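*Asks:* Residue numbers (my numbering): 662 to 759. Each residue gets a CB set at the ideal place from its N, CA and C atoms; glycine is no exception. Just so we're clear, the structure is a prediction, and the values are computed from it rather than from any experiment. Input: one structure, supplied below.
Shown next as structure tokens:
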């Protein structure tokens, strides 16, 4: 029997980066990132215990300063929460000022 076709799932990060995760046979995954227009830095992709995180260089200073939550770049969690682009056009955020 043929292996089931791989289904790509895409999520757009708060930075505008579009991350596509494709599940392959044997539990392997591919991750591709489409940068938004004007993006100049690199993208750091990390896979640990099956969880995929993608952090654009532009977000690093805000993460280090505690101004952005690292969970915004946990692609696996965003997909589990139903935030794939095919399911919603929104990324719910809580914004504080002060």
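Alpha carbon to alpha carbon, what distance is there between residue 736 and residue 708?
*Replies:* Working through the chain shown from its first residue, we reach residue 708 at position 47. Working through the chain shown from its first residue, we reach residue 736 at position 75. Between residue 708 and residue 736, the C-alpha separation is close to 10 angstroms.
*Asks:* Mapping DSSP to helix, strand and coil, what is residue 709?
*Replies:* Residue 709 sits at position 48 when you count from the first residue of the chain shown. If DSSP states are grouped into helix, strand and coil, residue 709 belongs with the strands.
*Asks:* Please return the same chain residues whose Cβ sits closer than 8 angstroms to the Cβ of residue 738, not counting the five positions on each side in sequence.
*Replies:* Against the chain shown, residue 738 aligns to sequence position 77. Counting only Cβ-Cβ distances below 8 angstroms, and skipping sequence neighbours, we find 712, 732.
*Asks:* Is the beta carbon of residue 746 sitting closer than 7 angstroms to the one on residue 673?
*Replies:* By 1-based counting over the chain shown, the position of residue 746 is 85. By 1-based counting over the chain shown, the position of residue 673 is 12. For residue 746 and residue 673, yes; Cβs fall inside 7 angstroms.
*Asks:* Using only alpha-carbon positions, find the residue among 706, 759, 722, 721 that is nearest to residue 715.
*Replies:* Against the chain shown, residue 715 aligns to sequence position 54. Residue 706 is the option with its Cα nearest to residue 715.
*Asks:* Just to confirm the assignment, what range does the beta strand (DSSP E) spanning residue 696 have?
*Replies:* By 1-based counting over the chain shown, the position of residue 696 is 35. Segment: none, residue 696 is in no beta strand (DSSP E) and carries neither H nor E.
*Asks:* Can you list, in chain order, the residues of its chain with a C-beta nearer than 6 angstroms to that of residue 718? Leave out the 5 residues immediately preceding and following it.
*Replies:* Along the chain shown, one-based indexing puts residue 718 at 57. Excluding residues within five positions, the ones whose Cβ falls inside 6 angstroms are 702, 703.
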